[in-house]
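Student: Structure provided below as structure tokens; questions to follow.
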Amino acid sequence: MENFRAFVLDLVDEKTKMSVKQISLTDLPAGEVTIRVAYSSVNFKDGMATIPNRIIQTYPLIPGIDLAGTIIESKDQRFSEGDEVIVTSYELGVTHHGGFSELARVPADWVVPLPEGLTLKESMILGTAGLTAGLSVQKLEDNGLTPDQGPVLVTGATGGVGSIAVDILAKLGYEVIASTGKEEEHTYLKKLGAKEVISRDQVVATDMKVLRKQLYGAAVDPVGGKTLEFILPSIRYGGSVANSGLTGGTKVETTVFPFILRGINWLGIDSVYCQMPTREKVWKRLATDLKPVHLNAEIVNEVSLEDLPKVLSTILEGKVRGRTIVKL
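Here the sequence shown stands for residues 1 to 328, where the numbers follow UniProt numbering.
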């Protein structure tokens, strides 16, 4: 029986213990597809998993909500040994052993064939963050967004979703306004294609104005909270906000006026359980017209399993820039 390395979370005296362990195939959960993992990636949700009983309820568990690799065994006729594939979200790394492992076994319904135009490494530089950014752009365009409708605001712009969204939107010809609380990262965001970088304090509601000056044709918002309260009444007539996150809080106070007087759209973005046809469509676009220009340069930082405790702590502190991938 083959043994392999995995990063395991356990609960000891109500505290999370993190360690790299040798485990075997018999330790993996049920599933039709077994994958030799080449790369995983680190997301905010993975950081949340290290908080006792917050994301994970059953221990021990291998975290990691993303993985990419090569199939070594398949009991599903849709997939064969040797196929290169991507798995993101669903219950991976939450209730089901995840991607921070040299081998993984998953349900076949979670598996996406690696699209032509992406390497396994590139697919994990994208990962859930890239899929979320891609879904945001797709949904904005589905609701009528074009470059001539005005600037697109991207909040939390140095994070995974934000960085990739800035790059994608600039590539597509949009005027991108990036907001961040990190003054030292303005050069980074301009390299990704932002025309202007503003302080996050400029897009945080400090009052309850029901309508504001019409500033943006659309917004990609992985922040929520007071930031979203500012954005909604600041969108131009007929524009949209693609909202995918809650790092700024879950509570949003608003009125009906932006929706009934300006006809704006508040679009929820879910990359966890989005339907497979949509998932596959966006992954194919991420390999072609939505593929970020700076995917292998500015955005990525590569680490090992042993580096994960520090990285997971850093991501919770909001100090990670771009994307961090784990090489297995």
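A virtual CB, placed ideally from N, CA and C, is assigned to each residue, including glycine.
Spatial neighbours of Val161 within its chain, please: C-beta separation below 7 Å, excluding the five flanking residues on both sides.
Tutor: Ala129, Thr132, Ala133, Pro222, Ser244 and Gly245
Student: Go ahead and pull the three-state DSSP assignment for Pro113.
Tutor: strand
Student: Using the three-state DSSP reduction, which class does Glu317 fall into: helix, strand or coil?
Tutor: coil
Student: In chain order, what residues of the same chain have a beta carbon less than 8 Å from the beta carbon of Asn53, not counting five sequence neighbours either side?
Tutor: Leu11
Student: Any idea what DSSP makes of Asp10, helix, strand or coil?
Tutor: strand
Student: Comparing alpha-carbon positions, which option in Thr16, Ala38 and Phe7 lies nearest Ile23?
Tutor: Phe7
Student: Find out if the Cβ-Cβ distance for the pair Ile65, Gly99 is shorter than 9 Å.
Tutor: yes
Student: Considering only the alpha carbon of each residue, which of Phe4, Lys17 and Val37 lies closest to Ile325?
Tutor: Val37
Student: In the DSSP output, which residue or residues are listed as bridge partners for Gln22?
Tutor: Arg5
Student: Helix, strand or coil for Gly47? Go by DSSP, reduced to three states.
Tutor: helix
Student: Excluding the 5 residues flanking Ala194 on each side, which residues of the same chain have their C-beta closer than 8 Å to its C-beta?
Tutor: Val154, Ala157, Val166, Ala170, Val176, Ile177 and Ala178
Student: Which of helix, strand or coil does DSSP assign to Tyr39?
Tutor: The answer is strand: DSSP assigns Tyr39 an E or B state.
Student: Rounded to whole angstroms, how far is the Cβ of Arg236 from the Cβ of Gln214, which I believe are closer than 8 Å?
Tutor: With a contact defined as Cβ atoms closer than 8 Å, Arg236 and Gln214 qualify at about 4 Å.
Student: Sort Gly225, Glu183, Pro258 and Ser19 by Cα distance to Arg321 and report the nearest one.
Tutor: Glu183
Student: By Cβ distance below 7 Å, which residues in the same chain neighbour Leu192 in space, the five residues on each side in sequence not counted?
Tutor: Within the same chain, and ignoring the five residues on either side of Leu192 in sequence, the residues whose Cβ sits closer than 7 Å to its Cβ are Ser163, Val166, Asp167, Ala170, His294 and Glu298.
Student: Cβ of Val220 within 9 Å of Cβ of Val111?
Tutor: The Cβ atoms of Val220 and Val111 do not sit closer than 9 Å to each other.
Student: Given this structure, state the Cα-to-Cα distance separating Asp307 from Ser80, to the nearest angstrom.
Tutor: 32 Å
Student: Going by C-alpha to C-alpha distance, which of Ile264, Pro233 and Lys291 sits closest to Ser123?
Tutor: Lys291
Student: Taking the beta strand (DSSP E) that Leu67 belongs to, which residues open and close that run?
Tutor: Asp66 to Ser74
Student: Glu116: which of Asn301, Glu280 and Glu302 sits nearest, CA to CA?
Tutor: Glu280
Student: Please confirm whether Gly263 and Gly248 have their CB atoms less than 9 Å apart.
Tutor: Between Gly263 and Gly248, the CB-CB gap reaches or exceeds 9 Å.
Student: Between which two residues does the beta strand (DSSP E) carrying Ile86 extend?
Tutor: Glu84 to Thr88
Student: For the pair the region 144-151 and the region 309-318, tell me if three or more CB-CB distances fall below 8 Å.
Tutor: no
Student: For His96, list the residues DSSP reports as bridge partners.
Tutor: DSSP output for His96 lists Leu92 as bridge partner(s).
Student: What would DSSP say about Gly268, mapped onto helix, strand or coil?
Tutor: In the structure shown, Gly268 sits in a strand (DSSP, three-state: E or B).
Student: What's the C-alpha gap between Ile231 and Asp27?
Tutor: 47 Å
Student: Would you check if there are 3 or more beta carbon pairs closer than 8 Å linking the region 71-85 to the region 250-266?
Tutor: no
Student: From which residue to which residue does the beta strand (DSSP E) around Ala178 run?
Tutor: Secondary structure note for Ala178: its beta strand (DSSP E) is the uninterrupted segment Val176 to Thr180.
Student: My output table needs one value for Glu196: the three-state DSSP class, helix, strand or coil.
Tutor: Three-state DSSP puts Glu196 in a strand.
Student: Measuring straight from C-alpha to C-alpha, what distance separates His96 and Pro147?
Tutor: 41 Å
Student: Is it buried or exposed, Lys75, if we count other Cβ atoms within 10 angstroms and call 16 or more buried?
Tutor: exposed
Student: Taking the straight line between their C-alpha atoms, what separation do you get for Asn3 and Leu328?
Tutor: 14 Å
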